[in-house]
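Engineer: Numbering (this note's numbering), first residue to last: 23 to 750. Please find one structure pasted underneath; my questions will follow.
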Ligand code: GLC
């Protein structure tokens with residue numbers, strides 16, 4: 023069907039049929055149609071008539087080739103104009119083969135593998151009938167009390183933008199119409215959902231438009247510039263107006279300024295939530311505000327289907343706004359080839375072969391290893407001697423709770439646990455296993471068993487963490503330490519004075535001060551996905567050398583939050599050359615710096631950085647200077663180092679961050695090998711939003727940093743010249 027033909031389709035549609043295209047309902051409505059017995063919870067009360075179902079536009083959360091084909095077939099038999107359904111689902115970090123949670127992937131700094139993970143997720147979900155995935159989530163996150171930090175790639179908008187692009191390219195490929203192994207992507211949550219006050223989910227977000235544009239919006243824009251087909255609205259307010267009813271944010275900025283003409287979908291129930299937010303007195307007003315703001319599809323509530331018709335009849339809403347929404351939805355169906363082939367990639371036989379394919383699991387294992395961050399390794403405790411007798415202790419020693427939140431069709435029982443991975447590589451009598459505690463309870467007997475196992479071992483590997491239902495949506499926590507029973511277990515084991523390696527399984531940066539002080543080595547494994555156990559065993563025994571770098575800071579305690587690397591200096595920075603001792607920006611009871619900073623991660627080898635050179639100390643607009651440094655692997659094992667480039671604008675119209683990530687590169691180095699790496703610096707990289715929101719650079723002094731983390735760098739200064747070559 024061509025564009026003009028689906029426009030003709032519009033002309034044939036009744037108002038009721040148009041409005042129903044703007045409806046997204048969960049699967050049960052389509053399985054039993056009006057037999058609402060299938061439907062429970064808030065959906066059951068929705069006064070959705072059979073007519074709305076027959077004319078609905080899309081389905082939420084259904085996959086499986088047979089199921090999708092059956093619903094689509096029945097729908098097309100009933101839908102007067104034969105308009106196919108769109109099938110959308112949350113394929114966030116894998117469909118059946120589950121990759122590490124996105125915050126872990128963010129710590130890999132491996133854009134190629136991130137793109138590959140999205141390609142595989144698209145391949146598995148498309149053959150299972152999915153057309154659109156509600157990913158990537160690119161919300162900037164600085165507050166680990168918020169449970170959904172696990173869904174983001176971290177605290178830096180440059181890095182999040184790079185990953186957002188990689189995920190969109192992976193999901194969509196470059197031909198959504200003909201490449202049946204692709205799915206349309208939906209970037210979310212627009213906008214600034216990660217800035218919820220107090221880290222409490224769905225809470226107020228309030229910041230200047232300048233900060234919104236400077237820090238929070240770039241990653242959404244990057245995803246859209248990569249061709250992302252859809253945008254999902256955020257639950258939160260932005261400058262006092264809920265995103266879902268925020269005309270300035272959606273219609274003026276997203277659609278007019280950025281030129282986005284794709285489909286905009288609300289988050290679950292977010293249209294109706296305009297009422298409790300306090301910007302709509304009833305569902306009719308909510309419907310008017312959301313559609314006026316530019317929201318095309320209402321997810322899971324019935325304001326549109328119940329009230330748009332009367333709003334048009336009463337002259338309160340122009341039919342053109344409905345028409346343009348319907349056209350965007352039909353255009354997406356057209357782009358996905360659904361009018362020609364409403365079953366698209368859904369293939370019952372092929373599904374059996376593709377979903378969970380061994381190659382996919384291999385990719386998941388590789389990404390899990392690269393997403394793991396070595397935070398401590400005293401006395402070279404790691405890697406373990408292959409002959410060492412190991413005691414595996416803790417609630418994650420044999421737990422399959424490794425997939426993390428939003429794990430789609432991933433099956434925990436198909437995840438390789440730490441114990442299973444040990445069994446695959448080591449004779450059973452060379453290691454023992456003791457749970458030692460559950461996630462949040464411990465008994466004397468459990469500790470006794472753990473101590474007995476540890477006493478008989480050369481080294482203890484503790485497997486501790488949060489359960490996956492302690493992070494994710496609606497899982498904010500004010501206490502971000504490990505549950506006390508696990509600390510009690512760790513302290514009891516550490517008292518034996520055996521070498522202790524702690525592996526952490528969690529969805530957010532935790533306060534791990536107590537863990538680090540009782541461990542000789544610490545590996546941050548996050549929720550590593552289907553192949554977590556195998557990846558970790560490769561890391562523990564040195565088959566793979568860790569290369570992960572934190573993409574989100576670890577606070578030394580929750581009182582520091584929000585703590586992030588690209589902060590401002592203040593007028594009284596602690597430790598400045600002429601700073602006073604007391605009257606400076608500091609805490610009386612905690613350091614200013616996080617326990618582990620953005621960009622930090624160790625290796626089994628050591629990398630020396632030397633001779634940071636600039637091709638010039640003056641940069642003219644329109645040209646570039648080169649920053650070059652030599653990195654040497656001074657250890658005795660091969661390794662990969664992620665070299666990071668940061669810039670600081672010493673004095674701008676607006677205060678500027680102490681450091682801003684501007685580039686990075688992965689170097690693979692054999693023992694003793696040196697490589698020279700050069701980064702190109704241009705005036706464009708120095709631009710930022712000024713008070714009047716103009717995006718430009720300020721001539722003057724800059725400092726450039728290159729190093730292994732945001733805190734461990736070598737630096738040089740340079741000047742940005744004005745146009746024409748004069749200095750400031
Ligand atoms: C949820 C989430 C959103 C998800 C949607 C559909 O509430 O906020 O990220 O895509 O509902 O499941």
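For every residue, glycine included, the Cβ atom is placed at its ideal position computed from N, Cα and C. Given the structure is predicted, the values throughout are model-derived calculations rather than measurements.
Give a yes or no on contact between the region 185-202 and the region 629-641, applying the rule of three or more CB pairs nearer than 8 Å.
Structural biologist: They do not touch, by the three-pair rule.
Engineer: Can you look up residue 212 in the DSSP assignment and give me helix, strand or coil?
Structural biologist: Taking the first residue of the chain shown as position 1, residue 212 is located at position 190. Residue 212 falls in the strand class under three-state DSSP.
Engineer: In the DSSP output, what is residue 685 paired with across the bridge?
Structural biologist: Reading the chain shown from its first residue, position 663 is the one you call residue 685. According to DSSP, residue 685 bridges with 667.
Engineer: Who are the near neighbours of residue 34 in its chain, counting only those whose CB is closer than 8 Å to its CB and skipping five residues on each side?
Structural biologist: Sequence index remark: in the chain shown, residue 34 carries index 12 (1-based). If we look at residue 34 and ignore the five residues flanking it on each side, its Cβ neighbours are 103.
Engineer: Any heavy atom of the ligand GLC closer than 8 Å to the CB of residue 211?
Structural biologist: Working through the chain shown from its first residue, we reach residue 211 at position 189. Residue 211 Cβ: within cutoff of the ligand GLC.
Engineer: List, from N- to C-terminal side, the beta strand (DSSP E) runs of 3 residues or more that fit wholly inside the region 257-335.
Structural biologist: Taking only runs of at least 3 residues, the beta strand (DSSP E) segments lying wholly in the region 257-335 are 285-287.
Engineer: Does DSSP put residue 399 in a helix, a strand or coil?
Structural biologist: For the purposes of this step, residue 399 is taken as the residue at position 377 of the chain shown. Residue 399: strand per DSSP, three-state reduction.
Engineer: Return the first residue and the last residue of the alpha helix (DSSP H) that residue 466 is part of.
Structural biologist: Here the question's residue 466 lines up with position 444 in the chain shown. 466-477 is the extent of the alpha helix (DSSP H) around residue 466.
Engineer: Answer yes or no: do residue 222 and residue 168 have a C-beta to C-beta separation smaller than 9 Å?
Structural biologist: The residue you call residue 222 lines up with position 200 of the chain shown. The residue you call residue 168 lines up with position 146 of the chain shown. Yes; because the gap between Cβ atoms is below 9 Å, this pair is in contact.
Engineer: When the Cα atoms are used, what is the spatial distance from residue 244 to residue 187?
Structural biologist: Position 222 of the chain shown, counted from the first residue, corresponds to residue 244. Position 165 of the chain shown, counted from the first residue, corresponds to residue 187. C-alpha separation (whole angstroms): 6 Å.
Engineer: What separation, rounded to the nearest whole angstrom, lies between the Cα atoms of residue 565 and residue 504?
Structural biologist: Taking the first residue of the chain shown as position 1, residue 565 is located at position 543. Taking the first residue of the chain shown as position 1, residue 504 is located at position 482. Looking at the two C-alpha atoms, the distance is approximately 29 Å.
Engineer: Along the chain, which unbroken stretches of the alpha helix (DSSP H) at least 4 residues long are found entirely within the region 543-631?
Structural biologist: You should have 554-562.
Engineer: Can at least three beta-carbon pairs, one atom from the region 398-410 and one from the region 552-567, be found at a separation below 8 Å?
Structural biologist: They touch, by the three-pair rule.
Engineer: Tell me residue 228's beta-bridge partners as DSSP assigns them.
Structural biologist: Here residue 228 refers to the residue found at position 206 when the chain shown is read from its first residue. According to DSSP, residue 228 bridges with nothing at all.
Engineer: Hey, would you say the C-beta of residue 83 is under 8 Å away from at least one heavy atom of the ligand GLC?
Structural biologist: Reading the chain shown from its first residue, position 61 is the one you call residue 83. Yes, the Cβ of residue 83 comes within 8 Å of a heavy atom of the ligand GLC.
Engineer: Just checking my contact of residue 424 with residue 361 at CB under 8 Å: how many whole Å lie between their CB atoms?
Structural biologist: Sequence index remark: in the chain shown, residue 424 carries index 402 (1-based). Sequence index remark: in the chain shown, residue 361 carries index 339 (1-based). Not quite, the Cβ-Cβ distance comes to about 41 Å (not below 8 Å), so this is no contact.
Engineer: Is it the case that the Cβ atoms of residue 377 and residue 149 are separated by a distance below 9 Å?
Structural biologist: Taking the first residue of the chain shown as 1, we reach residue 377 at position 355. Taking the first residue of the chain shown as 1, we reach residue 149 at position 127. Contact flag set, yes.
Engineer: Between the alpha carbons of residue 417 and residue 546, how many angstroms are there, rounded?
Structural biologist: Indexing the chain shown from 1 puts residue 417 at position 395. Indexing the chain shown from 1 puts residue 546 at position 524. Their Cα atoms are separated by approximately 15 Å.
Engineer: How many whole angstroms separate the CB atoms of residue 552 and residue 389, which I take to be in contact at a CB cut-off of 8 Å?
Structural biologist: Here residue 552 is taken as the residue at index 530 of the chain shown, counted from 1. Here residue 389 is taken as the residue at index 367 of the chain shown, counted from 1. Going by Cβ atoms, the distance from residue 552 to residue 389 rounds to 11 Å, so no, they are not a contact pair.
Engineer: For a quick check, are the C-beta atoms of residue 534 and residue 397 less than 9 Å apart?
Structural biologist: As a first step, residue 534 must be located in the chain shown, where it is residue number 512. As a first step, residue 397 must be located in the chain shown, where it is residue number 375. In contact: residue 534 and residue 397 (Cβ atoms closer than 9 Å).
Engineer: At which residue ranges does the region 68-145 contain complete beta strand (DSSP E) runs of 3 or more residues, listed in the order of the chain?
Structural biologist: Correct list: 80-82 and 108-111.
Engineer: By the 10 Å Cβ neighbour count, where 16 or more other Cβ atoms means buried, how is residue 490 classified, buried or exposed?
Structural biologist: Taking the chain shown and counting its residues from 1, the one referred to as residue 490 is at position 468. Buried.
Engineer: Can you tell me which of the three DSSP states residue 523 falls into?
Structural biologist: Looking up residue 523 in the chain shown gives position 501. Reduced to three states, the DSSP call for residue 523 is strand.
Engineer: With 16 as the cutoff for other CB atoms within 10 Å, does residue 669 come out buried or exposed?
Structural biologist: On the chain shown, position 647 is the one that residue 669 refers to. Classification for residue 669: buried.
Engineer: Would you give the residue range spanned by the beta strand (DSSP E) that residue 655 belongs to?
Structural biologist: What you label residue 655 is simply residue 633 of the chain shown in a count that begins at 1. Per DSSP, residue 655 belongs to the beta strand (DSSP E) from 646-655.
Engineer: Is the region 202-221 touching the region 317-333, taking contact as three or more C-beta pairs under 8 Å?
Structural biologist: Too few Cβ pairs lie closer than 8 Å, so no.
Engineer: So what does DSSP say about residue 672, is it helix, strand or coil?
Structural biologist: On the chain shown, residue 672 is found 650 positions in, with the first residue counted as 1. Coil, per DSSP.
Engineer: Taking the alpha carbon of residue 726 as the reference point, which residue from 717, 86 and 736 has its own alpha carbon closest?
Structural biologist: By one-based count along the chain shown, residue 726 stands at place 704. That would be 736, whose Cα lies nearest to the Cα of residue 726.
Engineer: Check whether the Cβ atoms of residue 663 and residue 683 lie closer than 9 Å to each other.
Structural biologist: Position 641 of the chain shown holds residue 663. Position 661 of the chain shown holds residue 683. Contact flag unset, no.
Engineer: Pick helix, strand or coil for residue 49, following the three-state DSSP scheme.
Structural biologist: What you label residue 49 is simply residue 27 of the chain shown in a count that begins at 1. Looking at residue 49 - three-state DSSP - the assignment turns out to be coil, as it is neither helix nor strand.
Engineer: I think residue 577 touches residue 616, with their Cβ atoms under 8 Å apart; what is that distance to the nearest whole Å?
Structural biologist: Taking the first residue of the chain shown as 1, we reach residue 577 at position 555. Taking the first residue of the chain shown as 1, we reach residue 616 at position 594. Right, the Cβ-Cβ distance comes to about 5 Å (below 8 Å), so this counts as a contact.
Engineer: Taking the straight line between their C-alpha atoms, what separation do you get for residue 173 and residue 123?
Structural biologist: Counting from 1 along the chain shown, the entry for residue 173 is found at position 151. Counting from 1 along the chain shown, the entry for residue 123 is found at position 101. Between residue 173 and residue 123, the C-alpha separation is close to 6 Å.
Engineer: Return yes when the Cβ of residue 235 is within less than 9 Å of the Cβ of residue 715, no when it is not.
Structural biologist: Your numbering for residue 715 matches position 693 in the chain shown. Your numbering for residue 235 matches position 213 in the chain shown. A contact, by the Cβ cut-off of 9 Å.
Engineer: If you drop the 5 nearest sequence neighbours on each side, which residues of the same chain put their C-beta closer than 7 Å to that of residue 675?
Structural biologist: Along the chain shown, read from residue 1 onward, the residue named residue 675 stands at position 653. Within the same chain, residue 675 has close Cβ partners 712, 713 and 720.
Engineer: What are the boundary residues of the beta strand (DSSP E) that includes residue 697?
Structural biologist: Reading the chain shown from its first residue, position 675 is the one you call residue 697. It spans 696-704 - the beta strand (DSSP E) in which residue 697 sits, taken as one unbroken run.
Engineer: Have a look at residue 239 and residue 626 and give me their C-alpha separation to the nearest angstrom.
Structural biologist: Mapped onto the chain shown, residue 239 falls at position 217. Mapped onto the chain shown, residue 626 falls at position 604. Approximately 37 Å, taken between the alpha carbons.
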